[in-house]
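What follows is a short report on a single structure.
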Amino acid sequence: MKRRTIALLLSAALALSLAACGGDAGTSQPPANSSEPPASGSEAPVESEAPAVKIPPVADLTGVDTSSIPGVEDGVLTVGMECAYAPYNWTQTDDSNGAVPIVNNPGSYANGYDVMMAQRICDAYGWELEVMALEWGGLTAGLQSGVIDVAIAGQSMTADRLEEVDMAGPYYYATIVCVTTKDSQYASATSIDDLSGGLCTAQSGTIWYTSCLPQIPDAQVQAPADTAPAMIMALESGTVDFICTDMPTATAAMSKNGNLVILNFSGTDGDFQFASEEERAENVNIGMSVVKGNTQLLDALNTVISELNEEQFNAIMAEAIAVQPEI
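Written out as structure tokens, the structure is:
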């Protein structure tokens with residue numbers, strides 16, 4: 324395997340802490356021309372129940388000469404992700420449902436939407452997929468040091484991030500939502516104003532925590548959760564009244580706990596606001612990071628991503644949610 328020795332040597336510094344999940348992963352939402360959003364207070368996993376969408380077969384690009392593309396000269400694409408952020412990526416104990424071995428965590432396997440998209444890219448070009456588990460803060464460093472070729476980890480395509488890396492995509496659009504419980508006084512909320520005064524939290528280092536929760540009138544914003552699982556646990560335990568996250572994370576959580584309710588205000592006057600559409604776009608589109616200047620790999624990734632539309636992204640995400648194990 325490519326860089327297997329390097330990966331194992333660096334695993335102590337960069338390997339996944341299974342509780343780790345930070346940054347602004349998964350903070351995107353559909354563009355303005357996307358389909359009508361589900362009603363607020365939805366009690367069903369809206370995205371996973373969408374009408375069947377035909378996913379096109381993987382394009383056969385094996386005839387394309389990729390031997391000169393930096394990072395994949397050996398025919399192996401090394402992908403970094405946290406492996407702890409379902410349904411984007413998670414760790415499981417076997418290779419069921421197409422899971423891929425985690426090279427720096429022997430005996431463990433990665434799966435999820437990010438793995439499925441990475442496998443699609445590798446199948447198109449005939450590359451071998453290698454997954455490395457890295458903490459959120461180690462992704463850019465892993466790219467810059469050559470430990471990984473690409474980070475596919477639910478990263479938003481923000482202006483700040485694009486100063487450090489180049490990004491392919493978007494490869495997903497994820498609506499920003501809130502989640503509460505069925506017995507909560509906020510279960511029927513139709514706008515962020517209806518959440519006034521509630522105890523709330525979100526994942527640390529995300530737009531959900533820094534930009535969205537402060538917009539709720541008189542919100543009692545609690546300390547941020549270190550990880551997405553910790554954020555969900557705070558809601559389930561009653562520590563907070565509601566959380567702010569993205570639709571895939573919310574849908575995956577609700578698929579495991581039928582007492583949760585998704586509050587989706589997108590497309591209404593009661594939604595979270597951004598200073599401009601440009602600011603919204605840079606915070607809501609999710610992309611794949613490559614080292615600055617690697618335009619050849621960037622173009623190769625975009626070629627495969629561009630074959631899919633938003634509905635097809637959602638269909639693949641629904642597949643990931645359907646096979647997500649209990650975490």
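According to our numbering, the sequence shown is numbered sequentially starting from 324. Note that the Cβ used here is the ideal one computed from N, Cα and C, for glycine as well. Remember, it's a predicted structure, so these values are computed and weren't measured experimentally.
Between which residues of its own chain and residue i is the CB-CB distance below 7 angstroms, once the five residues before and five after are set aside?
{"i": "Val563", "result": "Leu522, Cys523, Thr524, Gln545, Ala557"}
{"i": "Gln635", "result": "Val376, Ile378"}
{"i": "Ser527", "result": "Gly345, Pro547, Ala548, Asp549"}
{"i": "Arg443", "result": "Val381, Val627"}
Apply the 10 Å Cβ neighbour rule to residue i and answer buried if 16 or more other Cβ atoms are within range, or exposed otherwise.
{"i": "Gln596", "result": "exposed"}
{"i": "Gly461", "result": "buried"}
{"i": "Thr550", "result": "buried"}
{"i": "Ser560", "result": "exposed"}
{"i": "Glu458", "result": "buried"}
{"i": "Gly421", "result": "exposed"}
{"i": "Gln467", "result": "exposed"}
{"i": "Ala482", "result": "exposed"}
{"i": "Ala433", "result": "buried"}
{"i": "Pro537", "result": "exposed"}
{"i": "Gly581", "result": "exposed"}
{"i": "Thr574", "result": "buried"}
{"i": "Gln508", "result": "exposed"}
Could you tell me the alpha carbon to alpha carbon distance between residue i and residue j, rounded to whole angstroms?
{"i": "Ile609", "j": "Gly520", "result": "31 angstroms"}
{"i": "Glu486", "j": "Pro424", "result": "31 angstroms"}
{"i": "Ala355", "j": "Pro429", "result": "In this prediction, Ala355 scores a pLDDT of 37, lower than 50, which makes its location untrustworthy; the coordinate-derived value is nonetheless stated afterwards. Roughly 43 angstroms between the two C-alpha positions."}
{"i": "Met577", "j": "Leu583", "result": "5 angstroms"}
{"i": "Thr568", "j": "Ala604", "result": "17 angstroms"}
{"i": "Leu631", "j": "Ile639", "result": "10 angstroms"}
{"i": "Asp397", "j": "Glu633", "result": "32 angstroms"}
{"i": "Thr414", "j": "Ala553", "result": "16 angstroms"}
{"i": "Glu531", "j": "Thr572", "result": "It should be noted that the sequence gives Trp, not Glu, for residue 531. If you take the alpha carbons of Trp531 and Thr572, they lie about 12 angstroms apart."}
{"i": "Ala343", "j": "Glu453", "result": "Model confidence at Ala343 stands at a pLDDT of 33, short of 50, so the residue's coordinates are unreliable; what they give is reported in the following sentence. The alpha-carbon atoms of Ala343 and Glu453 are separated by roughly 20 angstroms."}
{"i": "Ser390", "j": "Gly449", "result": "12 angstroms"}
{"i": "Ile539", "j": "Asp516", "result": "6 angstroms"}
{"i": "Thr385", "j": "Ile471", "result": "22 angstroms"}
{"i": "Met455", "j": "Val438", "result": "11 angstroms"}
{"i": "Cys535", "j": "Pro648", "result": "29 angstroms"}
Helix, strand or coil for residue i per DSSP?
{"i": "Asp569", "result": "strand"}
{"i": "Trp413", "result": "strand"}
{"i": "Val426", "result": "coil"}
{"i": "Gly465", "result": "helix"}
{"i": "Ala474", "result": "strand"}
{"i": "Glu600", "result": "helix"}
{"i": "Ala335", "result": "Residue confidence is low: Ala335 scores 37 on pLDDT, short of 50, so the model does not pin down where it sits. Its coordinate-derived value is still stated next. If DSSP states are grouped into helix, strand and coil, Ala335 belongs with the helices."}
{"i": "Gln526", "result": "strand"}
{"i": "Glu370", "result": "Low confidence applies here, because Glu370 scores a pLDDT of 43, under 50, leaving its location unreliable and the question unanswered by this model."}
{"i": "Asn434", "result": "strand"}
{"i": "Ala575", "result": "helix"}
{"i": "Tyr532", "result": "helix"}
{"i": "Ala375", "result": "coil"}
{"i": "Ala557", "result": "helix"}
{"i": "Ser419", "result": "helix"}
Would you list the residues sitting across from residue i in a DSSP beta bridge?
{"i": "Met490", "result": "Ser612"}
{"i": "Cys501", "result": "Cys567, Leu586"}
{"i": "Val399", "result": "Glu451"}
{"i": "Ala548", "result": "Gln526"}
{"i": "Tyr408", "result": "Asn412"}
{"i": "Ala456", "result": "Met404"}
{"i": "Gln543", "result": "Leu522"}
Would residue i pass as an interface residue toward chain D - the criterion being a Cβ-Cβ separation below 8 angstroms?
{"i": "Thr524", "result": "Going by chain labels, chain D is absent from the structure shown, which holds only one protein chain."}
For residue i, which residues in the same chain have their Cβ closer than 6 angstroms to its Cβ, ignoring the five residues on either side in sequence?
{"i": "Ser419", "result": "none"}
{"i": "Gln543", "result": "Leu522"}
{"i": "Glu601", "result": "none"}
{"i": "Gln619", "result": "Ile392"}
{"i": "Arg495", "result": "Per the sequence shown, residue 495 should be read as Tyr rather than Arg. Same-chain partners within the cutoff: Ile609, Phe636."}
{"i": "Pro493", "result": "Asn608, Ile609, Gly610"}
{"i": "Asn617", "result": "Pro393"}
Is residue i near the ligand COA, judged by its Cβ being under 7 angstroms from some heavy atom?
{"i": "Glu630", "result": "Among the components modelled here there is no ligand, and therefore nothing to report on the ligand COA."}
CB-CB under 8 angstroms to residue i, same chain, minus the five flanking residues each way: which ones, in chain order?
{"i": "Lys615", "result": "Glu487, Val488, Asp489"}
{"i": "Asp417", "result": "Tyr432"}
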